[in-house]
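*Asks:* Each residue of the sequence shown is one higher than the one before, starting from 1 at the first, in the UniProt record's numbering.
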Amino acid sequence: MARKDVLLAMLVVVAWGLNFVVIKVGLHAMPPLMLAGLRFVLVAFPALLFVARPKIPLSLLLGYGLTISFGQFAFLFCAIKFGMPAGLASLVLQAQAFFTIVLGAGVFGERLQAKQLVGITLAILGVLVLIESSLTGQHVPMVGFILTLAGAFSWACGNIFNKKIMQHTSRPAVMSLVVWSALIPIVPFMLASLVVDGPAAILQSLVSIDVTTLLSLVYLAFVATIIGYGIWGSLLGRYETWRVAPLSLLVPVVGMASAALLLGETLSVWQLLGALLVMAGLYINVFGFRLRRAVQAG
Numbered sequence: 001m002a003r004k005d006v007l008l009a010m011l012v013v014v015a016w017g018l019n020f021v022v023i024k025v026g027l028h029a030m031p032p033l034m035l036a037g038l039r040f041v042l043v044a045f046p047a048l049l050f051v052a053r054p055k056i057p058l059s060l061l062l063g064y065g066l067t068i069s070f071g072q073f074a075f076l077f078c079a080i081k082f083g084m085p086a087g088l089a090s091l092v093l094q095a096q097a098f099f100t101i102v103l104g105a106g107v108f109g110e111r112l113q114a115k116q117l118v119g120i121t122l123a124i125l126g127v128l129v130l131i132e133s134s135l136t137g138q139h140v141p142m143v144g145f146i147l148t149l150a151g152a153f154s155w156a157c158g159n160i161f162n163k164k165i166m167q168h169t170s171r172p173a174v175m176s177l178v179v180w181s182a183l184i185p186i187v188p189f190m191l192a193s194l195v196v197d198g199p200a201a202i203l204q205s206l207v208s209i210d211v212t213t214l215l216s217l218v219y220l221a222f223v224a225t226i227i228g229y230g231i232w233g234s235l236l237g238r239y240e241t242w243r244v245a246p247l248s249l250l251v252p253v254v255g256m257a258s259a260a261l262l263l264g265e266t267l268s269v270w271q272l273l274g275a276l277l278v279m280a281g282l283y284i285n286v287f288g289f290r291l292r293r294a295v296q297a298g
């Protein structure tokens, strides 16, 4: 990759890593489902006036939007609201990689390789360690942990829809998919917030919205979503997947580092062990067992 493109990729990684801190900040003054819904309102409008609708079946667009946009972020935002540490959420959400592998085997008949089985095993061990630390009261509420895993599973389901979309069109427009799929979760988010939070809480959060919450929404919609996915999609279109995709492994590193620096979050010894096991599983899933391949990919 050209140096400027490596820099662009790293900027996206940092933006996505900081995303979890921004979510936690935004949730201080707004219910999670409403915050997520407004995020997608800003992603969709006015961008859809300038971006053509993707040439894919409506069923695939609906499936993609309801899983990767609504399901993933409904669970993630609620998890952080219920006390899931932002840094740890950035890591646990990466379980989507392993859910995707298992779903891919079931839906498309893809064969699991040895490195994937080892990676999944290590990640499961890491998750079990994190669950144990949660059960022993080490500042990770179980409900937040389970919701984050549910968000990861929703993301994985979205990846399956994304693969079906890729099979349907030879040159999918990433920005078109991002913008138009953002329409899908808006109504579900608003209805869910109305049921869960009630009209009084929604009205209060909108009337008393402050600059910090507005900046959080702008960051989530434009920086993390439109700019982030736009740059990432452009890089994937110009380089081989193996050159670009592994860089996303740095997202939870940035997420945990920024949460520690900006929010004062810390990990216990057991939580750190669980995090390292999950990271090791992700690493082996991408690079296998040879360090040389990882060096070449960098």
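Think of the CB as a built atom: it goes at the ideal place given N, C-alpha and C, for glycine as much as any other residue.
Going by DSSP in three states, M1 sits in which element: helix, strand or coil?
*Replies:* Here M1 sits in coil by DSSP.
*Asks:* Could you give the DSSP three-state label for H168: helix, strand or coil?
*Replies:* In this structure, H168 counts as helix in the three-state DSSP scheme.
*Asks:* What three-state label does DSSP hand Q72 in the structure shown?
*Replies:* It is helical.
*Asks:* Go ahead and label A105 buried or exposed: buried means 16 or more other beta carbons lie within 10 angstroms of its beta carbon, across all protein chains shown.
*Replies:* Exposed.
*Asks:* Count the other CB atoms, across all protein chains shown, that sit within 10 Å of the CB of Q271; report buried if there are 16 or more and exposed otherwise.
*Replies:* By the 10 Å Cβ count, Q271 comes out buried.
*Asks:* Taking the beta carbon of P32 as the centre, do at least 16 other beta carbons fall within 10 Å, making it buried, or is it exposed?
*Replies:* Buried, since its Cβ has 16 or more Cβ neighbours within 10 Å.
*Asks:* If G274 sits next to G17, beta carbons under 8 Å apart, how far is it from one beta carbon to the other, in whole angstroms?
*Replies:* The pair is not a contact, with the Cβ atoms about 19 Å apart (cut-off 8 Å).
*Asks:* Please go through the same chain and pick out, in chain order, the residues whose beta-carbon is closer than 6 Å to the beta-carbon of L250, but skip the five residues on each side of it.
*Replies:* Only V13 meet the Cβ criterion.
*Asks:* Closer than 8 Å is the cut-off here; do at least three beta carbon pairs connect the segment 66 to 77 with the segment 28 to 48?
*Replies:* At 8 Å Cβ cutoff, the stretches touch.
*Asks:* Measuring alpha carbon to alpha carbon, tell me which of K164, L125, N162, I186 ends up nearest V43.
*Replies:* It is I186.
*Asks:* Pull up the distance between the alpha-carbon of A200 and that of Y283, whole angstroms please.
*Replies:* So the alpha carbons of these two residues sit roughly 46 Å apart.
*Asks:* Using three-state DSSP, classify V239 as helix, strand or coil.
*Replies:* Checking the sequence, you will find Tyr at residue 239 rather than Val. Coil, per DSSP.
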